[in-house]
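Protein sequences, first through last, are from chains A and B. Add 11 to the 1-based position in the first sequence for this note's numbering, that's all there is to it. Add 282 to the 1-based position in the second sequence for this note's numbering, that's all there is to it. Structure first, commentary second.
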Amino acid sequence: MNLDNDADLESALRQALSRIEPGRDFSAISYARPRVVYWPPSRMMLAIAAGLVVLLLLPIGMLQYQARQRRGEKAREQLMMALKITERKLQKTRQMVARELNRRNNL
Amino acid sequence: MVFSLAYHFLQDRALAEDVTQEVFLQLFREQETLATDQHVRYWLRKVASHRCIDAARRRKIRPRLALDEIREPAARESFHDPMLNETLRKLVATLPEAPRMIMVLRYQEDMDPTEIADAVGIPVATVKSHLHRSLTMLREKMQRLKKEIAR
């Protein structure tokens, strides 16, 4: 063949660069490998996402817990104060009643 | 088609298989966006071309074969001469990335310059000029080989 001729060179190139098939095992490997290649990053992504969610939620949860605890302590203090006031008022009333009874008995 | 394109371009079976797998993996992920067979073929050629060029750049070596390294073609070449085929393949492999991909798309896939320009993402005029220069270069190298054989 005289490759000085354009058509011959092109034919020879078509022949040389004609399609070839991959190895016999390639299809089997290709069908098997995507699952291996595709899923681990996906699982890893899920694990990372879950980790990030936990990292974000943990401090928020802690802050909420602390705020609730502070509110509870304040309410307890207010309740104790209210009980003390009520106790004092009851004592005063009791003393007044006792004094009044004594006065009546003396008469 | 994809493997063959990658193999002719990269001249490395393992790398060509990796590229083929990457291309089909991407196809698997993007299959919903591809409506017709024609679109899939067009997409495969385009993505394979780009992946091959990327792989060649990553590999960072371009086969630069000396003429001595290429086996001499038979003195009387027949149309299906395996020696001639191998020589041509090796000569094509010495081309820089863009012209090499253009040659593979032109002579393996039988794509016209407009289709090649679209797939590779370069102007049609550049494709034509690469084709012309590559053919001239191949012809010159083949002539030099012939002269060496004749000596």
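Even for Gly, the Cβ is constructed at its ideal location relative to N, Cα and C.
I'd like to know whether the C-beta atoms of residue i and residue j end up nearer to each other than 7 angstroms.
{"i": "alanine 401 of chain B", "j": "arginine 295 of chain B", "result": "no"}
{"i": "isoleucine 31 of chain A", "j": "serine 331 of chain B", "result": "no"}
{"i": "glutamine 390 of chain B", "j": "histidine 290 of chain B", "result": "yes"}
{"i": "glutamate 379 of chain B", "j": "alanine 338 of chain B", "result": "yes"}
{"i": "leucine 377 of chain B", "j": "serine 411 of chain B", "result": "no"}
{"i": "valine 409 of chain B", "j": "isoleucine 431 of chain B", "result": "no"}
Within 10 angstroms of its Cβ, does residue i collect 16 or more other Cβ (buried), or is it exposed?
{"i": "histidine 321 of chain B", "result": "exposed"}
{"i": "phenylalanine 310 of chain B", "result": "exposed"}
{"i": "leucine 112 of chain A", "result": "exposed"}
{"i": "histidine 414 of chain B", "result": "exposed"}
{"i": "threonine 369 of chain B", "result": "buried"}
{"i": "threonine 104 of chain A", "result": "exposed"}
{"i": "arginine 341 of chain B", "result": "exposed"}
{"i": "serine 360 of chain B", "result": "For serine 360 of chain B, the predicted model reports a pLDDT of 46, less than 50, meaning its position is unreliable; a value from the coordinates is still stated below. Its Cβ having fewer than 16 others within 10 Å, serine 360 of chain B is exposed."}
{"i": "methionine 393 of chain B", "result": "buried"}
{"i": "leucine 118 of chain A", "result": "exposed"}
Measuring straight from C-alpha to C-alpha, what distance separates residue i and residue j?
{"i": "tyrosine 76 of chain A", "j": "proline 70 of chain A", "result": "10 angstroms"}
{"i": "arginine 333 of chain B", "j": "valine 305 of chain B", "result": "7 angstroms"}
{"i": "glutamine 26 of chain A", "j": "glutamate 314 of chain B", "result": "35 angstroms"}
{"i": "arginine 323 of chain B", "j": "methionine 55 of chain A", "result": "33 angstroms"}
{"i": "glycine 72 of chain A", "j": "isoleucine 335 of chain B", "result": "51 angstroms"}
{"i": "threonine 318 of chain B", "j": "leucine 387 of chain B", "result": "21 angstroms"}
{"i": "phenylalanine 37 of chain A", "j": "leucine 297 of chain B", "result": "12 angstroms"}
{"i": "valine 17 of chain A", "j": "glutamate 422 of chain B", "result": "The sequence given here has aspartate at residue 17 of chain A, not valine. If you take the alpha carbons of aspartate 17 of chain A and glutamate 422 of chain B, they lie about 12 angstroms apart."}
{"i": "isoleucine 404 of chain B", "j": "arginine 433 of chain B", "result": "42 angstroms"}
{"i": "serine 53 of chain A", "j": "alanine 288 of chain B", "result": "28 angstroms"}
{"i": "threonine 396 of chain B", "j": "valine 406 of chain B", "result": "6 angstroms"}
{"i": "lysine 85 of chain A", "j": "threonine 97 of chain A", "result": "18 angstroms"}
{"i": "glycine 62 of chain A", "j": "glutamine 308 of chain B", "result": "28 angstroms"}
{"i": "arginine 35 of chain A", "j": "valine 64 of chain A", "result": "45 angstroms"}
{"i": "glutamine 303 of chain B", "j": "glutamine 80 of chain A", "result": "58 angstroms"}
{"i": "alanine 93 of chain A", "j": "alanine 109 of chain A", "result": "24 angstroms"}
{"i": "serine 22 of chain A", "j": "proline 364 of chain B", "result": "14 angstroms"}
{"i": "leucine 68 of chain A", "j": "leucine 74 of chain A", "result": "10 angstroms"}
Nearest to residue i by alpha carbon, out of the options?
{"i": "leucine 373 of chain B", "options": "B:Ile384, B:Leu387, B:Met419", "result": "B:Met419"}
{"i": "leucine 427 of chain B", "options": "B:Leu307, B:Leu366, B:Thr302", "result": "B:Leu366"}
{"i": "arginine 371 of chain B", "options": "A:Leu24, A:Arg115, A:Ala93", "result": "A:Leu24"}
{"i": "alanine 375 of chain B", "options": "A:Asp19, A:Leu28, A:Glu21", "result": "A:Leu28"}
{"i": "glutamate 312 of chain B", "options": "B:Trp325, B:Met283, B:Asp300", "result": "B:Trp325"}
Any heavy atom of the ligand SAH within a distance shorter than 6 angstroms of the CB on residue i?
{"i": "glycine 403 of chain B", "result": "Here there are no bound small molecules, and the ligand SAH is not part of this structure."}
Residues of the region 69-100 of chain A in Cβ contact with chain B at a cutoff of 8 angstroms, in chain order, please. Correct list: empty, as no residue qualifies.
Short of 8 angstroms Cβ to Cβ, which residues in the region 19-32 of chain A face chain B? Cβ proximity to chain B below 8 angstroms picks out Leu20, Glu21, Ser22, Ala23, Leu24, Arg25, Gln26, Ala27, Leu28, Ser29, Arg30, Ile31, Glu32 from the region 19-32 of chain A.
Chain-ordered residues of the region 283-309 of chain B with a beta carbon less than 8 angstroms from chain A: Flagged, chain order: Met283, Phe285, Ser286, Tyr289, His290, Arg295, Ala298, Glu299, Thr302, Gln303, Phe306, Leu307.
Give, in chain order, every residue of the region 389-404 of chain B whose Cβ lies closer than 9 angstroms to some Cβ of chain A. Close to chain A, meaning a Cβ-Cβ distance shorter than 9 angstroms, are the following residues of the region 389-404 of chain B: Tyr389, Gln390, Glu391, Asp392.
Scan the region 408-421 of chain B for residues whose Cβ lies nearer than 7 angstroms to a Cβ of chain A and list them as they occur along the chain. Those residues of the region 408-421 of chain B that come within reach of chain A (Cβ to Cβ, closer than 7 angstroms) are Leu417, Leu420, Arg421.
Of the residues that make up the region 330-341 of chain B, which ones have a beta carbon closer than 9 angstroms to any beta carbon in chain A? Listed in sequence order: no entries.
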